[in-house]
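Residue numbers (this note's numbering): 1 to 117. The next block holds one structure in the form of structure tokens; read it before the comments.
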């Protein structure tokens with residue numbers, strides 16, 4: 001999944017992860033690991049002109065949950081995806097954001113990671 005994303009862009013990009021694991025450790029680790037092979041950077045939980053939403057929808061009674069609320073209320077992206085790909089259990093949406101879209105800040109309380117002491 002991570003390598004596919006990097007191969008489809010040639011510039012720095014932002015990305016957000018939604019996972020039933022809440023913290024999205026596996027996809028974030030994959031993004032950071034694969035990034036070592038490329039010149040462009042992936043910036044987690046930050047909007048850039050090219051921004052990806054990496055989602056692993058949880059299943060409720062065999063039906064994948066709708067990610068619309070997370071996209072519009074948490075990440076605060078209201079535009080349509082430029083492309084949507086299903087890679088294994090992941091749904092990856094690519095957005096081309098305008099300066100106005102980027103200026104709309106994501107929820108500052110959006111869980112990005114956890115620090116253990």
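A virtual CB, placed ideally from N, CA and C, is assigned to each residue, including glycine.
Residue span of the beta strand (DSSP E) that contains residue i, given as start and end
i, result
"residue 79", "Taken as a continuous stretch (DSSP letters only), residue 79 belongs to no beta strand (DSSP E), as it is neither H nor E."
"residue 17", "13 to 18"
"residue 56", "From DSSP, residue 56 is part of no beta strand (DSSP E); its letter is neither H nor E."
Sequence-distant residues of the same chain with beta carbon closer than 8 angstroms to residue i, five excluded per side
i, result
"residue 6", "34, 35, 37, 38, 40, 42"
Contact set for residue i: own chain, Cβ-Cβ below 7 angstroms, skip 5 residues either direction
i, result
"residue 3", "34"
"residue 104", "76"
"residue 26", "none"
Residue i and residue j closer than 7 angstroms at C-beta
i, j, result
"residue 29", "residue 75", "no"
"residue 51", "residue 97", "yes"
"residue 78", "residue 72", "yes"
"residue 47", "residue 13", "no"
Same chain, Cβ closer than 6 angstroms to residue i, five either side skipped, listed in chain order
i, result
"residue 55", "18, 67, 91"
"residue 102", "47"
DSSP state of residue i mapped onto helix, strand, coil
i, result
"residue 51", "strand"
"residue 105", "coil"
"residue 93", "strand"
"residue 86", "strand"
Residue-level contact to chain B via CB, residue i, 7 angstroms cutoff
i, result
"residue 100", "The chain inventory of the structure shown lacks chain B, comprising one protein chain alone."
Rounded distance between the beta-carbons of residue j and residue i, thought under 8 angstroms
i, j, result
"residue 53", "residue 11", "The Cβ separation is near 17 angstroms, so there is no contact."
"residue 1", "residue 87", "5 angstroms"
Unbroken alpha helix (DSSP H) run spanning residue i, endpoints
i, result
"residue 4", "2 to 7"
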